[in-house]
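**Q** Pasting a structure here, questions to come.
2 protein chains.
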Amino acid sequence: VAKIDYPEPILELIAQLKRLPGIGPRSAERIAIWLLGSQSAAAVQLSAALATAVDAVTTCQECGFFSTRGNPCVICAAPGRDASVVCVVEQATDVLPLERTGAFKGHYHTLRGRISPLENIGPEDLRLEHLYGRIRRGGIREVILAVGSDVEGEATANYIAEALRAMKVAVSRIAQGLPAGGGLESADELTLFRALQGRRTL
Amino acid sequence: VAKIDYPEPILELIAQLKRLPGIGPRSAERIAIWLLGSQSAAAVQLSAALATAVDAVTTCQECGFFSTRGNPCVICAAPGRDASVVCVVEQATDVLPLERTGAFKGHYHTLRGRISPLENIGPEDLRLEHLYGRIRRGGIREVILAVGSDVEGEATANYIAEALRAMKVAVSRIAQGLPAGGGLESADELTLFRALQGRRTL
Numbered sequence: 029v030a031k032i033d034y035p036e037p038i039l040e041l042i043a044q045l046k047r048l049p050g051i052g053p054r055s056a057e058r059i060a061i062w063l064l065g066s067q068s069a070a071a072v073q074l075s076a077a078l079a080t081a082v083d084a085v086t087t088c089q090e091c092g093f094f095s096t097r098g099n100p101c102v103i104c105a106a107p108g109r110d111a112s113v114v115c116v117v118e119q120a121t122d123v124l125p126l127e128r129t130g131a132f133k134g135h136y137h138t139l140r141g142r143i144s145p146l147e148n149i150g151p152e153d154l155r156l157e158h159l160y161g162r163i164r165r166g167g168i169r170e171v172i173l174a175v176g177s178d179v180e181g182e183a184t185a186n187y188i189a190e191a192l193r194a195m196k197v198a199v200s201r202i203a204q205g206l207p208a209g210g211g212l213e214s215a216d217e218l219t220l221f222r223a224l225q226g227r228r229t230l
Numbered sequence: 029v030a031k032i033d034y035p036e037p038i039l040e041l042i043a044q045l046k047r048l049p050g051i052g053p054r055s056a057e058r059i060a061i062w063l064l065g066s067q068s069a070a071a072v073q074l075s076a077a078l079a080t081a082v083d084a085v086t087t088c089q090e091c092g093f094f095s096t097r098g099n100p101c102v103i104c105a106a107p108g109r110d111a112s113v114v115c116v117v118e119q120a121t122d123v124l125p126l127e128r129t130g131a132f133k134g135h136y137h138t139l140r141g142r143i144s145p146l147e148n149i150g151p152e153d154l155r156l157e158h159l160y161g162r163i164r165r166g167g168i169r170e171v172i173l174a175v176g177s178d179v180e181g182e183a184t185a186n187y188i189a190e191a192l193r194a195m196k197v198a199v200s201r202i203a204q205g206l207p208a209g210g211g212l213e214s215a216d217e218l219t220l221f222r223a224l225q226g227r228r229t230l
């Protein structure tokens with residue numbers, strides 16, 4: 029008697045789902061069965077959405093954000109935005125949280141990583157030459173470093189600040205301090221230390 | 029200045045991923061970005077696996093398990109299996125855990141549900157007429173009820189046992205008791221009660 033398992037197309041679907049970040053073997057099986065059960069319309073739509081997205085989405089060669097219109101992307105091409113201020117972020121996904129604040133109306137530059145000796149990622153792995161090129165071409169007066177407040181973000185910010193020192197451009201870094209709504213009792217020592225250091229005169 | 033969001037194909041992909049069971053908005057976004065980032069080969073393969081699985085997989089009209097060859101499925105068609113014993117399960121996904129035990133070499137019958145007054149699911153919503161038909165056609169000597177040990181499983185098992193009383197077929201239910209490897213101290217009261225009731229002479 030042969031060993032019984034799911035038919036091959038289901039096993040293949042489970043294998044592909046298992047590769048997704050955060051999806052374990054059990055979730056992959058559950059999703060596959062759900063899709064093939066009463067939800068085959070959802071399966072067809074997901075399949076089409078994947079194919080369309082892979083076809084249609086590229087990244088802007090200037091800022092590194094997602095684009096469906098090639099270069100420049102909607103942000104780089106927007107007439108109302110200030111091209112003289114460039115906000116440097118680690119990942120393309122950091123752009124939207126900043127956009128949602130409504131506090132920034134300049135351009136972006138995506139590094140596609142951050143300096144991390146532990147992961148063997150150095151400055152040469154980041155999109156830095158391209159940033160220097162943008163600055164050299166002129167028209168940029170300020171670079172805002174919107175990198176993380178962890179060790180890697182610290183290293184990345186310090187490296188870029190140093191590298192840009194010779195260039196005629198102001199360099200700033202987004203503030204660190206108490207998160208909104210948080211009391212002092214819930215802040216860790218380092219956060220409080222940085223909040224004190226970054227205090228502003230009222 | 030227009031509000032910036034992900035391009036439409038990414039939003040559509042996120043929307044489709046969000047529908048999957050166990051995938052929240054954040055996971056959907058994370059998966060979409062992962063797929064469109066360095067993993068577009070994975071996106072293409074997942075898209076193809078979905079389309080293939082939807083096309084190729086049906087359910088066996090006899091037992092209700094998945095099939096890529098129409099009727100009968102590999103289990104119903106296997107020459108080495110005992111067609112006179114039918115194991116009744118709630119879901120098609122219950123078949124493989126039973127197969128993995130290696131303890132059962134008969135046929136299956138999938139109910140596609142279980143009696144649940146709270147969810148408004150009654151006996152008429154289960155594939156019971158089809159089960160009665162299989163038994164009436166003859167050749168089945170035992171029906172094993174492999175339904176859950178929760179309230180709904182209890183109700184389902186009792187209903188089917190009663191319905192099959194008039195038919196010339198033995199009806200059994202899989203045992204309830206201590207799970208393998210578990211001590212008495214980790215078993216709840218009801219499990220212990222059932223383990224006592226189901227005690228076997230040595």
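Chains S and D, in that order, are what the protein sequence lines are. One rule links them: number in the working numbering = place in the first sequence (from 1) + 28. One rule links them: number in the working numbering = place in the second sequence (from 1) + 28. All C-beta atoms in this analysis are idealised placements derived from N, C-alpha and C, irrespective of residue type, glycine included.
With 16 other CB atoms within 10 Å as the buried threshold, where does residue 160 of chain D fall?
**A** In this structure residue 160 of chain D is exposed. Its beta-carbon is surrounded by fewer than 16 other beta-carbon atoms within 10 angstroms.
**Q** Taking the DSSP output, what are the residues bridged to residue 116 of chain S?
**A** S:137, S:173
**Q** Provide the residue(s) that pair with residue 94 of chain S in DSSP beta bridges, ordered along the chain.
**A** DSSP, once it has assigned bridges, lists S:87 as partnering residue 94 of chain S.
**Q** Which residue or residues does DSSP assign as beta-bridge partners of residue 201 of chain D?
**A** D:173
**Q** Using a Cβ-Cβ cutoff of less than 6 Å, which residues in the same chain neighbour residue 92 of chain D once the five nearest sequence positions on both sides are dropped?
**A** 120, 138
**Q** How about residue 171 of chain D and residue 116 of chain D: are their beta carbons less than 8 Å apart?
**A** yes
**Q** Indicate the three-state DSSP secondary structure (helix, strand or coil) for residue 188 of chain S in the structure shown.
**A** Helix, per DSSP.
**Q** Taking only three categories from DSSP, how would you classify residue 66 of chain D?
**A** Three-state result, residue 66 of chain D: coil.
**Q** Which residues bound the alpha helix (DSSP H) around residue 104 of chain D?
**A** 102-105
**Q** So, do the region 94-105 of chain S and the region 142-157 of chain S have three or more beta carbon pairs nearer to each other than 8 Å?
**A** Note that the region 94-105 of chain S does not touch the region 142-157 of chain S; fewer than 3 beta-carbon pairs, one per stretch, sit closer than 8 Å.
**Q** Tell me which same chain residues have a C-beta within less than 6 Å of the C-beta of residue 195 of chain S, skipping the five on either side of it?
**A** 163
**Q** If I measure Cβ to Cβ from residue 56 of chain S and keep anything under 6 Å in the same chain, skipping five residues before and after, which residues do I get?
**A** 42, 45, 46
**Q** Thinking residue 35 of chain D and residue 96 of chain S are a contact (beta carbons under 8 Å), I'd like their distance in whole angstroms, please.
**A** Cβ-Cβ separation between residue 35 of chain D and residue 96 of chain S: approximately 4 Å, consistent with a contact (criterion under 8 Å).
**Q** Strictly under 8 Å for the Cβ-Cβ distance: is residue 50 of chain D near chain S by that measure?
**A** Cβ-Cβ to chain S under 8 Å: yes for residue 50 of chain D.
**Q** Taking the C-alpha atoms as reference points, what is the distance between residue 129 of chain D and residue 60 of chain D?
**A** Rounded to the nearest angstrom, the two C-alpha atoms are 37 Å apart.
**Q** Give the range of the alpha helix (DSSP H) segment to which residue 124 of chain S is assigned.
**A** For residue 124 of chain S, the enclosing alpha helix (DSSP H) begins and ends at 123-129.
**Q** Here's a check: name, in chain order, each residue in its chain whose Cβ is nearer than 8 Å to the Cβ of residue 181 of chain S, leaving out the five neighbours to either side.
**A** 118, 142, 175
**Q** Using a C-beta cutoff of 8 Å, does residue 75 of chain D count as contacting chain S?
**A** So yes, residue 75 of chain D belongs to the interface.
**Q** Take residue 215 of chain S and list the residues in its own chain whose beta-carbon comes closer than 6 Å to its own, dropping the five residues that flank it on each side.
**A** 206
**Q** Here's the rule: buried if 16 or more other CB atoms are within 10 angstroms of the residue's CB, otherwise exposed. What is residue 154 of chain D?
**A** buried
**Q** Residues in its own chain within less than 7 Å of residue 98 of chain S by CB, not counting five upstream and five downstream?
**A** If we look at residue 98 of chain S and ignore the five residues flanking it on each side, its Cβ neighbours are 86.
**Q** If you follow the alpha helix (DSSP H) that residue 223 of chain D is in, where does it begin and where does it stop?
**A** Residue 223 of chain D -> alpha helix (DSSP H) spans 217-225.
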